[in-house]
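Quick notes on the structure that follows.
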Amino acid sequence: MKILVVDDNKSILSAIKMLLSGRYEKVQTLSTPNALLSELNTDKYDVLLLDMNFSAGVNTGNEGLYWLQRVIEYQPTISVVMITAYGDVSLAVRAIQMGATDFVLKPWDNEKLLATINSACKLSSSRNKVQKTTRQATGNTNIIGKSEAWVKVMQMVNKVATTSANVLITGENGTGKEVVAEELHRLSTRVHKPMVSVDMGSITETLFESELFGHKKGAFTDAHTDREGKIEAANQSTLFLDEIGNLSMPMQAKLLSALQNRSITRVGDNKPIPVDIRLVCATNCNLEQMVAEGKFREDLLYRINTIHIELPPLRNRKEDIRLLAEFFLQKFANEYNKEGYTICNQAIEKLEQYSWPGNIRELQHAMEKAIILSNSNTIQPSDFMFRSAEPTIATSFNGTLEDMERRLIADAINKNNGNMSAVALQLGVTRQTLYNKIKKYGL
C-alpha cells in the first residue's frame with residue numbers, strides 16, 4: 001500500500017512519515033497541494049492524508065475541500081483522509097459528505113491514526129477490485145481501436161468521465177454508443193453502483209411515467225405494489241437514456257422537469273424524491289435539426305448536451321477493422337468451443353473494403369456467422385457474403401413518398417424474414433419508429 005501526505009506543517013509531515021515508514025510500501029509527503037495531481041499521476045497511491053488549510057491565516061477549510069474534489073475526480077479509487085483541528089470537525093463532516101473516507105484530529109493518537117489508515121487502505125483495495133471487475137464485465141468491445149478518429153473519442157471520454165457533466169453520445173446505429181456510456185460510467189466516481197440503462201425507443205407514452213418515475217401501489221389498475229422507477233434506481237449512479245430522440249414532446253417536458261428539479265414524484269404520490277444522477281444520453285438522430293423542426297425541446301437539448309461525443313462510423317475507422325475482427329474471432333471461438341481459429345489476410349482485406357452500413361454491430365454478427373459456418377479453422381474471404389452495392393430505387397416509380405416508404409418497409413420485412421431488429425437496422429430507424437410505421441401502413 002502507498003500513502004501520500006499533504007500538509008504545510010513540515011513537523012507534521014516528519015512525524016507522520018516516521019510513524020508510517022516500514023509499515024507501508026511507500027510514504028510520500030508534500031508541503032503544498034500544488035503538485036498533488038502531478039504526484040498522483042506519477043504513482044498510484046491508495047490513501048491520501050490531506051490537510052484542510054494551507055495558506056497562512058486561513059482556516060475556512062475551503063482549500064482542503066477544493067483539493068478533495070479535484071482528487072476524487074482525478075483518481076476515484078483513492079481513499080482520502082482529512083487532517084483537521086478540533087474546531088473544524090463540522091468541516092470534516094462536510095468533507096465526508098463530499099467523498100472523503102474519514103478524518104483525523106490534530107494532535108492525533110498514533111494507534112487511532114494507524115487504524116484509520118488501515119481502514120482506508122481496505123476501502124481503496126475494495127474499490128480497485130470493483131473497478132477491475134466492472135472493466136472485465138463490460139467486454140471492452142467497441143473501445144478497441146487505434147485509429148485517429150477513435151483515439152480522439154477515447155481522449156474525450158477519459159477527460160469527461162470523472163466529472164458529473166451530462167453527456168450526449170451521437171452516431172449511426174451500431175457504432176457503440178452504449179459501450180461508450182458504460183466506459184464513461186466505469187471511469188467515473190459512481191462506479192460503485194451499476195449503471196441503469198433505459199431504451200427510450202421501446203417505452204410507450206402510457207408507461208413512460210411509471211417506467212422512469214415509478215408508482216405507488218393502487219396508482220392504476222395493475223399497480224399491485226410500490227415500484228421504484230429507473231431514475232430513482234440510478235440515484236448516485238449513471239442513468240443512460242438510449243434513443244432519446246424518440247421521445248414525444250409531452251414526455252420530453254416531464255423528463256426536463258425531473259432533471260431541472262433533481263427530484264421525481266412517483267405516479268400516485270405527492271412526495272418528491274430527491275435524486276443525484278449522472279445523465280448520459282444517446283441517439284442516432286440530429287437533435288439540432290429536430291429542434292429547428294419543433295420536434296425536440298431546445299431547453300432539454302441544452303440540459304443533456306453539456307458534453308457532446310460524436311462516434312465515427314466504422315467506414316472511417318479502417319485501421320480498427322482488423323483489431324475488432326480478431327477480437328470477435330476470439331470471443332466467438334471461445335463461445336462456440338472452436339479454439340485455434342484464425343482469419344487470413346485476404347479475409348481481412350475484404351472486411352476493410354466493405355462499407356459497413358451496420359457498423360461494429362454488423363461486423364460482430366458477420367464474425368459470429370463466419371465462425372459458425374466456416375468449413376476450416378481459418379476464416380476465408382468466402383465466409384463473408386456482403387451486398388456488392390446498396391439497393392437503388394427505381395426512378396420510374398410514380399407513387400407518393402408514403403407509397404415508396406410502405407414498399408421499402410414491406411420489402412425489408414420480406415428480405416429479413418420478419419426479423420424486426422434486422423429490418424430496423426437495414427432501414428436506419430429505431431424499432432419503435434419501425435413499429436409505428438408498420439401500424440400506420442397496416443403491414
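Numbered per my numbering, the sequence shown spans residues 1 to 443.
No residue lacks a Cβ here, since even glycine has one placed at the ideal position from N, Cα and C.
Sequence ranges, beta strand (DSSP E) only - wholly within the segment 305 to 356, length at least 3 = For the segment 305 to 356, whole beta strand (DSSP E) runs of length 3 or above, ordered along the chain, are 307 to 310.
Are residue 267 and residue 239 closer than 8 Å when you measure CB to CB?
-> In the sequence shown, counting from the first residue as 1, residue 267 sits at position 267. In the sequence shown, counting from the first residue as 1, residue 239 sits at position 239. Contact: no.
Got a sec, what are the start and stop residues for the alpha helix (DSSP H) residue 252 sits in?
-> Here residue 252 refers to the residue found at position 252 of the sequence shown. Counting along the chain, the alpha helix (DSSP H) containing residue 252 begins and ends at 249 to 261.
Starting from residue 287, follow the alpha helix (DSSP H) in both directions and report where the run begins and ends.
-> Taking the first residue of the sequence shown as position 1, residue 287 is located at position 287. Boundaries of the alpha helix (DSSP H) around residue 287: 287 to 292.
For residue 285 and residue 433, the rounded distance between their alpha carbons = The residue given as residue 433 occupies position 433 in the sequence shown. The residue given as residue 285 occupies position 285 in the sequence shown. Residue 433 and residue 285 have their C-alpha atoms spaced approximately 12 Å apart.
Taking the DSSP output, what are the residues bridged to residue 121?
-> The count along the sequence shown starts at 1 and reaches residue 121 at position 121. Among the bridge pairs identified by DSSP, residue 121 is matched with none.
Roughly how many angstroms separate the alpha carbons of residue 143 and residue 178, rounded to a whole number?
-> Residue 143 sits at position 143 when you count from the first residue of the sequence shown. Residue 178 sits at position 178 when you count from the first residue of the sequence shown. Looking at the two C-alpha atoms, the distance is approximately 11 Å.
Under three-state DSSP, which class holds residue 272?
-> On the sequence shown, position 272 is the one that residue 272 refers to. When DSSP states are grouped into helix, strand and coil, residue 272 belongs to the strand group.
Of the residues 2, 28, 23, which one's Cα is nearest the Cα of residue 12?
-> Looking up residue 12 in the sequence shown gives position 12. It is 28.
Nearest-angstrom Cβ-Cβ length linking residue 339 and residue 333, presumed shorter than 8 Å = Position 339 of the sequence shown holds residue 339. Position 333 of the sequence shown holds residue 333. Confirmed, Cβ separation roughly 6 Å.
Looking only at DSSP bridge pairs, what is residue 449 linked to?
-> Because the chain spans 1 through 443 in this model, residue 449 falls outside it and cannot be assessed.
Taking the alpha-carbon positions, what's the residue 145 to residue 324 distance?
-> For the purposes of this step, residue 145 is taken as residue 145 along the sequence shown, with counting starting at 1. For the purposes of this step, residue 324 is taken as residue 324 along the sequence shown, with counting starting at 1. Taken atom to atom, the span from the alpha-carbon of residue 145 to that of residue 324 is near 8 Å.
Three or more beta-carbon pairs under 8 Å between the segment 12 to 25 and the segment 103 to 118, yes or no?
-> The segment 12 to 25 vs the segment 103 to 118: in contact.
Using the DSSP secondary-structure output, state which residues sit across from residue 146 in a beta bridge.
-> By 1-based counting over the sequence shown, the position of residue 146 is 146. None, per the DSSP bridge assignment.
Helix, strand or coil: which one does DSSP assign to residue 31?
-> As a working mapping, residue 31 is identified with position 31 in the sequence shown. In this structure, residue 31 counts as coil in the three-state DSSP scheme.
Compute the Euclidean distance between the alpha carbons of residue 331 and residue 380, then round it to the nearest angstrom.
-> The residue labelled residue 331 in the question sits at position 331 within the sequence shown. The residue labelled residue 380 in the question sits at position 380 within the sequence shown. Those two C-alpha atoms are separated by around 18 Å.
Tell me whether residue 207 is buried or exposed, calling it buried when 16 or more other Cβ atoms sit within 10 Å of its Cβ.
-> Counting from one through the sequence shown, the residue named residue 207 turns up at place 207. Classification for residue 207: exposed.
Go through its chain and collect everything with a Cβ distance to residue 321's Cβ below 6 Å, but skip five positions before and after it.
-> Taking the first residue of the sequence shown as position 1, residue 321 is located at position 321. 351, 352.
Sequence-distant residues of the same chain with beta carbon closer than 7 Å to residue 373, five excluded per side = As a first step, residue 373 must be located in the sequence shown, where it is residue number 373. Excluding sequence neighbours, residue 373 sits near 383.
Residue 231: first and last residue of the uninterrupted beta strand (DSSP E) it sits in | Counting from one through the sequence shown, the residue named residue 231 turns up at place 231. Premise fails: residue 231 lies in the alpha helix (DSSP H), 230 to 233, not in any beta strand (DSSP E).
Return the first residue and the last residue of the alpha helix (DSSP H) that residue 181 is part of.
-> Within the sequence shown, numbered from 1, the residue matching residue 181 stands at position 181. From DSSP, the alpha helix (DSSP H) with residue 181 extends over 177 to 186.
Assigned secondary structure, residue 12 (DSSP; H/G/I helix, E/B strand, else coil) | Translated into positions along the sequence shown, residue 12 becomes position 12. If DSSP states are grouped into helix, strand and coil, residue 12 belongs with the helices.
Burial state of residue 209 (16 or more Cβ within 10 Å) = For the purposes of this step, residue 209 is taken as residue 209 along the sequence shown, with counting starting at 1. Its Cβ being crowded by 16 or more others within 10 Å, residue 209 is buried.
Could you tell me if residue 311 is buried or exposed, where buried requires 16 or more neighbouring beta carbons within 10 angstroms of its beta carbon?
-> Residue numbering aside, residue 311 sits at position 311 when the sequence shown is read from its first letter. Flag for residue 311 reads buried.
Any contact of the segment 234 to 249 with the segment 275 to 293, i.e. 3+ C-beta pairs under 8 Å?
-> Using a Cβ-Cβ distance cut-off of 8 Å, the segment 234 to 249 and the segment 275 to 293 are in contact, since at least three pairs of beta carbons, one from each stretch, lie closer than that value.
DSSP state of residue 201, grouped into three classes?
-> Position 201 of the sequence shown, counting from 1, holds the residue named residue 201. Correct three-state label for residue 201: helix.
If you draw a straight line from the alpha carbon of residue 342 to that of residue 201, how long is it in whole angstroms?
-> The sequence position of residue 342 within the sequence shown is 342, counting from 1. The sequence position of residue 201 within the sequence shown is 201, counting from 1. The alpha-carbon separation between residue 342 and residue 201 amounts to approximately 38 Å.
Just checking, does the segment 434 to 441 make contact with the segment 403 to 412 on the three C-beta pairs under 8 Å criterion?
-> Remark: three or more beta-carbon pairs, one from each stretch, lie closer than 8 Å, so the segment 434 to 441 and the segment 403 to 412 are flagged as touching.
Within the segment 362 to 432, note down every full alpha helix (DSSP H) run reaching 4 residues or more, in order along the chain.
-> As far as the segment 362 to 432 is concerned, its whole alpha helix (DSSP H) runs of at least 4 residues are 401 to 415, 420 to 427.
Cβ neighbours of residue 94 in the same chain (closer than 6 Å, five flanking residues each side left out) | Start at 1 with the first residue of the sequence shown, and residue 94 comes out as number 94. Closer than 6 Å at the Cβ level, and outside the excluded window around residue 94, lies no residue.
Distance, residue 327 Cα to residue 68 Cα = Position 68 of the sequence shown holds residue 68. Position 327 of the sequence shown holds residue 327. Their Cα atoms are separated by approximately 39 Å.
Nearest-angstrom Cα distance between residue 85 and residue 183?
-> As a first step, residue 85 is located in the sequence shown; it is residue number 85 there, counting from the start. As a first step, residue 183 is located in the sequence shown; it is residue number 183 there, counting from the start. Rounded to the nearest angstrom, the two C-alpha atoms are 40 Å apart.
Helix, strand or coil at residue 297 according to DSSP, with G and I counted as helix = Taking the sequence shown and counting its residues from 1, the one referred to as residue 297 is at position 297. Note: residue 297 maps to coil in three-state DSSP.
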